[in-house]
Each structure stands twice: as structure tokens, then as C-alpha cells.
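**Q** Throughout the sequence shown, residue numbering follows the numbering used here, covering 15 to 583 in sequence.
A single structure is presented below for examination.
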Amino acid sequence: MAGTAGKARQTYCILVSYRPFRHQYVATSSDPPLGTKFDSTAPTLTEVRDYRARNRSTVMTDSPSPSGRPKTAKSFAFELFRPVLFAVCVIALALGGLLLAHRSSPQIAGQERQPPAAPAAPLPTIALAEPEPVPPVSFAEFKGFGDLKGGKDLGGFQMKPPSPAAEPEPPANDLYELTLRLERGDTVEKMLADIDVPEADRKQIAEKLKGLLKKRKLATGETVELMMQTLPEQPDAPRVLSLSIRPQPEREYVVARREDGGYDAEEKIYTVSPRIVRVEGVRDGSLQQSGIKAGAPSAAMVEFIRAMSYDVDFQRELKQGQKFTVLLEQLVTSDGKVTHPGRLLAGELRLLKRTVTVIRFRAQGGADGFYNPQGESVERSFLRTPMDASRLTSGFGMREHPILGFSALHAGVDFSAASGTPILAAGNGKVAMAGFNGGYGLYVKLQHTQDVATAYAHMSRLGPGIKPGTTVRQGQVIGFVGSTGMSTGPHLHYEFHRGGKPVNPLTQKFSMRATVGGKDLARFQALSRQYLAQLKSAPAVADASSTPPQQKTSPVPKAPATPQLAKGN
Numbered sequence: 015m016a017g018t019a020g021k022a023r024q025t026y027c028i029l030v031s032y033r034p035f036r037h038q039y040v041a042t043s044s045d046p047p048l049g050t051k052f053d054s055t056a057p058t059l060t061e062v063r064d065y066r067a068r069n070r071s072t073v074m075t076d077s078p079s080p081s082g083r084p085k086t087a088k089s090f091a092f093e094l095f096r097p098v099l100f101a102v103c104v105i106a107l108a109l110g111g112l113l114l115a116h117r118s119s120p121q122i123a124g125q126e127r128q129p130p131a132a133p134a135a136p137l138p139t140i141a142l143a144e145p146e147p148v149p150p151v152s153f154a155e156f157k158g159f160g161d162l163k164g165g166k167d168l169g170g171f172q173m174k175p176p177s178p179a180a181e182p183e184p185p186a187n188d189l190y191e192l193t194l195r196l197e198r199g200d201t202v203e204k205m206l207a208d209i210d211v212p213e214a215d216r217k218q219i220a221e222k223l224k225g226l227l228k229k230r231k232l233a234t235g236e237t238v239e240l241m242m243q244t245l246p247e248q249p250d251a252p253r254v255l256s257l258s259i260r261p262q263p264e265r266e267y268v269v270a271r272r273e274d275g276g277y278d279a280e281e282k283i284y285t286v287s288p289r290i291v292r293v294e295g296v297r298d299g300s301l302q303q304s305g306i307k308a309g310a311p312s313a314a315m316v317e318f319i320r321a322m323s324y325d326v327d328f329q330r331e332l333k334q335g336q337k338f339t340v341l342l343e344q345l346v347t348s349d350g351k352v353t354h355p356g357r358l359l360a361g362e363l364r365l366l367k368r369t370v371t372v373i374r375f376r377a378q379g380g381a382d383g384f385y386n387p388q389g390e391s392v393e394r395s396f397l398r399t400p401m402d403a404s405r406l407t408s409g410f411g412m413r414e415h416p417i418l419g420f421s422a423l424h425a426g427v428d429f430s431a432a433s434g435t436p437i438l439a440a441g442n443g444k445v446a447m448a449g450f451n452g453g454y455g456l457y458v459k460l461q462h463t464q465d466v467a468t469a470y471a472h473m474s475r476l477g478p479g480i481k482p483g484t485t486v487r488q489g490q491v492i493g494f495v496g497s498t499g500m501s502t503g504p505h506l507h508y509e510f511h512r513g514g515k516p517v518n519p520l521t522q523k524f525s526m527r528a529t530v531g532g533k534d535l536a537r538f539q540a541l542s543r544q545y546l547a548q549l550k551s552a553p554a555v556a557d558a559s560s561t562p563p564q565q566k567t568s569p570v571p572k573a574p575a576t577p578q579l580a581k582g583n
């Protein structure tokens, strides 16, 4: 085979790579032209370097290069990787062209390129005339200008002195109010020390207050109102501008700071007068909560519900979105502070088919009660509904028990209501039982007469003072809605018993108490006309702060609006 095609096939030893460890290099050749033999099959690094130095121009293949020179190892590697390098260059050029085209074409795909805008017309040039030279001013002319400091007329213009630089405004003082309560064992001086009032100011205030109070002592829990000031130069030493203590609505003790740093003390005496205000609302949820949201006090709304519950079937007639109005009598001091949020004078509830109105009236020798505009007492022997119920969830009679799953007599009616809704006594009576009673949960039973009793179950808690043997009056809060015992949710289970047997409370007819007559009738009619007019025209509770107190219906004597001051030390 050595003489095939006139050429002898030669195989040479090609060194590919090496590492700093001893590797085994194998070279096979039928006719090794180099004639080099290593000392071992695994050459050292020095032998490899010597081999490379001696054979840098060794011919690698049989085919000669185009230039006629034999190919070296470097030229062979270039020939091997030249197609790969060519492909890489082509791809790089293509990507560069795409990137350049993207940057030079800002329009969005799908839109046509706008033609370039026409070049703007050249701006016209304006030739400016050369200014005339200003003649120099002689010393005599300059002297004739007069006093430049005074801003005198200089022949057509006036020179004014520069305005002085404005001085920086002093930083605003930090004013704030504090309301504190006296704890057990506290004194005013100790309380002021706790808020870092300087000792000299504390002693002055305590001394002035002591002269006002004389031998009277401030009660634990008394409210102390302070007007404070912090100066930038003394941030850790706040000043007391005024201190106010009001143990009674009509009496106030005030200690105020003077400009010279001292303190004055005075006792202010106010008068208390009634003021009639009107609260309007729309039922959204319970009637009581709707009234509180509208601005009526909770106690007045409980009284309103109690007065309405004699005649209104809350679970059938009362719906969401119905409007109501209550007329309240507040007690207000001459400086505008409300000392009593308001007792109910009259109320109006607009139902779907009728409007129910109640009016407070006290007959001679009697107690306050509520009547309709015709003078008939709204009170009956029993309330139709003993609470502000949202809806009737279960009636009286046989039904499948929601928990036990079998049919049994439901000996009362269930009213759904929010947890905590007040439950009212259906009539006057005595507490026969108050406590937990098996599946009834927290339970109250009232004995009204020898024949009639009512029961209230699943309460969350009892009303104040409710215990066996306690006497209750009609409309008194005896407990609050809950879900104790065998209950599926907050509600009242209400039972009405006649002769020891349960009957349907919703079908019972109750007798009316009394009507206004005799000498009381004329007085009631006049008061009724007044209240009915004020239900529509009295100032709303939100505007009451600008309304002067009313004098007609109050036992409080008329007094001047300005406080009477009694100077202290």
C-alpha cells in the first residue's frame, strides 16, 4: 500500500493537548517519518515541549496547500473551523441589520410611515438701528439731581432706596389641647408634673386652684381640660395657657395664664335651659340602631320603641326604609354644652298604610305616659312585641325542631334580632325565674297576674337588677338578645301563658289603659298641637348648636345667657 497512486501514505503523530499530569500519548505509523521515540509511553512536560519545538513545520496531511507549502497545525485548525466561523458572521450581520432597522423605524406595526415634514421657512431678519450715543453728564448736572436717598423726581424717573431684607418670621407656637382624668391619690400639681410642666407654673396653678375650691375636694375621675403651648426654644417645658375643671354642668373652675407669666383664677356659673330638637331617620337594620345613627340617644330610642310596641306589630308592619321622627328635649348650659342628650317628648313612625304618633303627657297627680293625638293612652295591659324585632322566624304551633329533627309543639314565637338588642317586659309583674333553664338557655319568666305569665329565652345576659323576686314595670329592659341554649342563632323565643298553658301571643287582645279627660284634656290638646308642629319644624339635632334654648316646657327658670363670674384669688 505504500506505493499506491505513486504516493506513499504517511501517518504522522499529531499532538492534540496536554495537561500538567502525565498522560499516555499513542502514535501509530507504518513508516514514522519523524523517527522520534519517547523514553516512555507517557512523556513528561519537558519532552512534549521539546517535541513541539523540533516539529513546528511538520507536514500534517498528504494534500499540499494552495500556495504549495505544507499545512501546519494552525492552518489545519483554521480549515476545520472556517465554515463555523462563516455561519457565525452571517448570523451576526443579520441580527445587526434587524436591530438597525428597528431603531430607525419608530412607527407602530400596521401604521403607514408619515412623510417627512416640510422644512420650516427661514425666519425674517430685522435690521436694528445703531443706538445714539448718550452724552456724558457733567458734575453740575449730576449735582442738580438732588438727594438720591430720598427718592426724588429725576426728570421723568424716580430712584427709590432698596427695600430692606425681610426678617424671617418666628416659628409658630405649637398649641394643643389635653384632657386628663384624676386618678385615685392624684393631685392637679402631680398631674401637671407628669406632663413636664415647669415647677414654678405647677405651684402657681395649684395655689390659685386651691383658693377657688376652698374646702371642696375634686373627685376621683374628675376631668381636667388643658390648653397647652410649646415654644421652639423650650420644647421640653410646655406652658399651661388655661386649665378648666367642671364638676357640675353649671359650675366651672378656670385658671388662665397672663401675658406676664402669672395666673388668674375664676369660677364661672352657667344656667341650664331646655332646648327642643328633632331627629329624623330611616330604618336601616334595627329601629334603635337607626335612631342612634341619626343622632338620637339610645335611652330615647328605647322609650320610643316601648311607646310604639303597644300598637305596632313590629314583625308584620315594620319594614326596612320606613321613616321616623323623634322630638327630644335637651338640657343645655348658657355656654352651649349639652348636659342631657334628650328625653322623648313625641315620636312619629310612618308605616306602609298608616302613621303612628305618640305624645308624652303627665296628668295631674299622675306619672308621665304616652298618648295618641286623640288623648287615648297607647299603653295596654301587655306589649304586642317585647322588642325591636326585625322579623318573625318561627310561629306558634307544631313544627319540626331545627336541631332535634322531630315534630313538636313550638310553645311560643321566635323573633330574629341582632345580638344585644334590648328585651322589654311585656307588662308589669314579678320575676319568677331568672337564670339558665336547659335548652332555653338564659331564661326569664315574669308572673303578671295569677293567670298570666310571659317567658323569654336564649338571652345573652340579664338586664340590670333582674333576679327572682324583683318587681318590674312594663317596658323595662329585662335582658338582651343572644343565642344561648339550643339555638341556631341570635333571636328571642317569647311565650305567653294563660292558666299555666302556652297560647299564641300574636292573637291575644289586650285592654287599653286610660284616656285623658276632665281638666287635663284642654292642656293635653294644646301640648299636642305644639308637639305635632315641632315634629315638622323644630331644628334638627345637627343644627341645634345655633338654636337658643326653649323656655316654655322647662321647669328651669329663665336666666341670662352670659355666665356670672365669681372672681377667685
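No residue lacks a Cβ here, since even glycine has one placed at the ideal position from N, Cα and C.
1) Which same chain residues, not among the five before or five after Tyr545, have their C-beta less than 7 Å away from its C-beta?
2) For Val445, which option in His511, Thr485, Gly532 has the closest C-alpha, if you only look at C-alpha atoms?
3) Decide if Val346 is buried, meaning its Cβ has at least 16 other Cβ atoms within 10 Å, or exposed.
4) Helix, strand or coil for Met241? Go by DSSP, reduced to three states.
5) Roughly how many angstroms separate the alpha carbons of Pro589 and Leu301, rounded to a whole number?
6) What span of residues does the alpha helix (DSSP H) with Asp534 cover, start to end?
7) For Leu549, I'd like the list of residues in its chain whose CB is within less than 7 Å of its CB, leaving aside the five on either flank, ordered along the chain.
8) How should Phe95 be labelled, buried or exposed, when 16 other C-beta atoms within 10 angstroms of its C-beta is the threshold for buried?
9) Measuring alpha carbon to alpha carbon, tell me which residue in Leu113, Asp428, Gly199 is nearest Phe328.
10) For Tyr454, which of helix, strand or coil comes out of DSSP?
11) Does the contact criterion of 3 or more C-beta pairs under 8 Å hold for the stretch 434–448 versus the stretch 457–471?
12) From the DSSP output, in three-state form, read off Pro246 for me.
13) If you run the structure through DSSP and keep just helix, strand and coil, what is Arg475?
14) At what residue ranges does the stretch 278–354 contain a whole run of the alpha helix (DSSP H), taking only runs of 4 or more?
15) Evaluate the contact criterion for the stretch 488–496 versus the stretch 509–516: three or more CB pairs, one atom per stretch, below 8 Å.
16) Would you kindly check if the distance between the Cβ of Ala314 and the Cβ of Pro355 is under 9 Å?
17) Based on Cα-Cα distance, which residue from Gly409, Ser430, Ser433 lies nearest to His424?
18) Please classify Arg260: does DSSP put it in a helix, a strand, or coil?
19) Do Gln336 and Arg364 have their beta-carbon atoms positioned less than 9 Å apart in this structure?
20) Let's see if you can read the secondary structure: which residues bound the alpha helix (DSSP H) around Ala270?
21) Quick check: the stretch 231–241 against the stretch 185–203, are there 3 or more CB pairs under 8 Å?
22) Going by beta carbon distance, what residues of the same chain come within less than 7 Å of Arg272, once the five residues before and after it are set aside?
23) Can you check the stretch 480–504 for any beta strand (DSSP E) of at least 3 residues that lies completely inside it and give the ranges in chain order?
24) Residues in its own chain within less than 6 Å of Ala585 by CB, not counting five upstream and five downstream?
25) Does the Cβ of Arg398 have 16 or more other Cβ atoms within 10 Å, making it buried, or fewer, making it exposed?
26) Considering only the alpha carbon of each residue, which of Asp325, Ala308, Val392, Thr371 lies closest to Val555?
27) When DSSP labels each residue in this structure, what does Ala446 get in the three-state scheme?
28) Going by DSSP in three states, Thr461 sits in which element: helix, strand or coil?
29) For my contact list, Tyr284 and Leu227 are in at a C-beta cut-off of 8 Å; report their separation, rounded to the angstrom.
30) Using three-state DSSP, classify Arg512 as helix, strand or coil.
31) Do the CB positions of Ser323 and Met242 come within less than 9 Å of each other?
32) On the DSSP letters alone, give me the boundaries of the beta strand (DSSP E) that Asp210 sits inside.
33) Return the residue from the list Val458, Ser391, Cys103, Glu280 that minimises the CA-CA distance to Ile480.
34) Taking DSSP as the reference, what is the three-state secondary structure of Gly389?
35) Which residue comes first and which comes last in the beta strand (DSSP E) that contains Asp188?
36) Arg376 lies in the beta strand (DSSP E); which residues open and close that run?
**A** According to the structure shown:
1) Along the sequence shown, one-based indexing puts residue 545 at 531. Only Leu341, Leu359, Ala360, Ile373 meet the Cβ criterion.
2) Taking the sequence shown and counting its residues from 1, the one referred to as residue 445 is at position 431. Out of His511, Thr485, Gly532, the CA that lies nearest to the CA of Val445 is found in Thr485.
3) For the purposes of this step, residue 346 is identified with residue 332 of the sequence shown, where counting begins at 1. Val346 is classed as buried because its beta carbon has at least 16 other beta carbons within 10 Å across all chains shown.
4) Within the sequence shown, the letter at position 227 stands for residue 241. Residue state, collapsed to three classes: strand.
5) There is simply no residue 589 to check, as the chain begins at 15 and stops at 583 in what is shown.
6) Residue mapping note: residue 534 aligns to position 520 of the sequence shown, counting from 1. Note, Asp534: alpha helix (DSSP H), 533–551.
7) Taking the sequence shown and counting its residues from 1, one reaches residue 549 at position 535. Result list for Leu549: Arg292, Thr339, Leu341, Ala360, Glu362, in chain order.
8) As a working mapping, residue 95 is identified with position 81 in the sequence shown. Burial state of Phe95 is exposed, judged by a 10 Å Cβ sphere holding fewer than 16 other Cβ atoms.
9) By 1-based counting over the sequence shown, the position of residue 328 is 314. Comparing Cα positions, the closest option is Asp428.
10) As a first step, residue 454 must be located in the sequence shown, where it is residue number 440. Correct three-state label for Tyr454: helix.
11) Contact between the stretch 434–448 and the stretch 457–471 is present, with at least three C-beta pairs closer than 8 Å.
12) Locating residue 246 in the sequence shown gives position 232, counting from the first residue. Judged by DSSP in its simplified three-state form, Pro246 adopts coil rather than helix or strand.
13) Here residue 475 is taken as the residue at index 461 of the sequence shown, counted from 1. The answer is strand: DSSP assigns Arg475 an E or B state.
14) The qualifying runs are 301–308, 312–322, 328–331.
15) No: fewer than three Cβ pairs fall under 8 Å.
16) Numbered from its first residue, the sequence shown carries residue 355 at position 341. Numbered from its first residue, the sequence shown carries residue 314 at position 300. Between Pro355 and Ala314, the C-beta spacing is below 9 Å.
17) Numbered from 1 along the sequence shown, position 410 holds the residue referred to as residue 424. Ranked by how close their Cα comes to the Cα of His424, the residues Gly409, Ser430, Ser433 have Gly409 in first place.
18) Position 246 of the sequence shown, counted from the start, is the residue given in the question as residue 260. Of the three classes helix, strand and coil, the one that applies to Arg260 here is strand, per DSSP.
19) By 1-based counting over the sequence shown, the position of residue 364 is 350. By 1-based counting over the sequence shown, the position of residue 336 is 322. Contact: yes.
20) As a position in the sequence shown, residue 270 is number 256, starting the count at 1. Boundaries for Ala270: no alpha helix (DSSP H) harbours it, while the beta strand (DSSP E) harbouring it runs 265–271, taken from the DSSP string.
21) Result yes; three or more Cβ-Cβ pairs closer than 8 Å.
22) Taking the first residue of the sequence shown as 1, we reach residue 272 at position 258. Leaving aside the five residues that flank Arg272 on each side, the residues in its chain whose CB is nearer than 7 Å to its CB run, in chain order, Asp278.
23) Unbroken beta strand (DSSP E) stretches of 3 residues or longer found wholly inside the stretch 480–504: 491–495, given in chain order.
24) Any question about residue 585 goes unanswered here, given that the chain covers just 15 to 583.
25) As a working mapping, residue 398 is identified with position 384 in the sequence shown. Arg398 should be labelled buried.
26) For the purposes of this step, residue 555 is taken as the residue at position 541 of the sequence shown. Cα-wise, what sits closest to Val555 is Ala308.
27) Position 432 of the sequence shown holds residue 446. DSSP, read as helix, strand or coil, puts Ala446 in strand.
28) As a first step, residue 461 is located in the sequence shown; it is residue number 447 there, counting from the start. The sequence as given places Gln at residue 461; Thr does not occur at that position. Three-state result, Gln461: strand.
29) Here residue 284 refers to the residue found at position 270 when the sequence shown is read from its first residue. Here residue 227 refers to the residue found at position 213 when the sequence shown is read from its first residue. Contact between Tyr284 and Leu227 does not hold, since their C-beta atoms are separated by about 18 Å, which reaches or exceeds 8 Å.
30) Working through the sequence shown from its first residue, we reach residue 512 at position 498. In the three-state reduction of the DSSP assignment, Arg512 falls in the strand class.
31) Position 309 of the sequence shown, counting from 1, holds the residue named residue 323. Position 228 of the sequence shown, counting from 1, holds the residue named residue 242. Taking 9 Å as the Cβ cut-off, Ser323 and Met242 do not qualify as a contacting pair.
32) What you label residue 210 is simply residue 196 of the sequence shown in a count that begins at 1. For Asp210, no beta strand (DSSP E) run applies, since DSSP gives it neither H nor E.
33) Here residue 480 refers to the residue found at position 466 of the sequence shown. Out of Val458, Ser391, Cys103, Glu280, Val458 has the C-alpha closest to the C-alpha of Ile480.
34) Residue numbering aside, residue 389 sits at position 375 when the sequence shown is read from its first letter. Three-state result, Gly389: coil.
35) Numbered from 1 along the sequence shown, position 174 holds the residue referred to as residue 188. Where Asp188 is concerned, the enclosing beta strand (DSSP E) stretches over 188–195.
36) Counting from one through the sequence shown, the residue named residue 376 turns up at place 362. It spans 369–376 - the beta strand (DSSP E) in which Arg376 sits, taken as one unbroken run.
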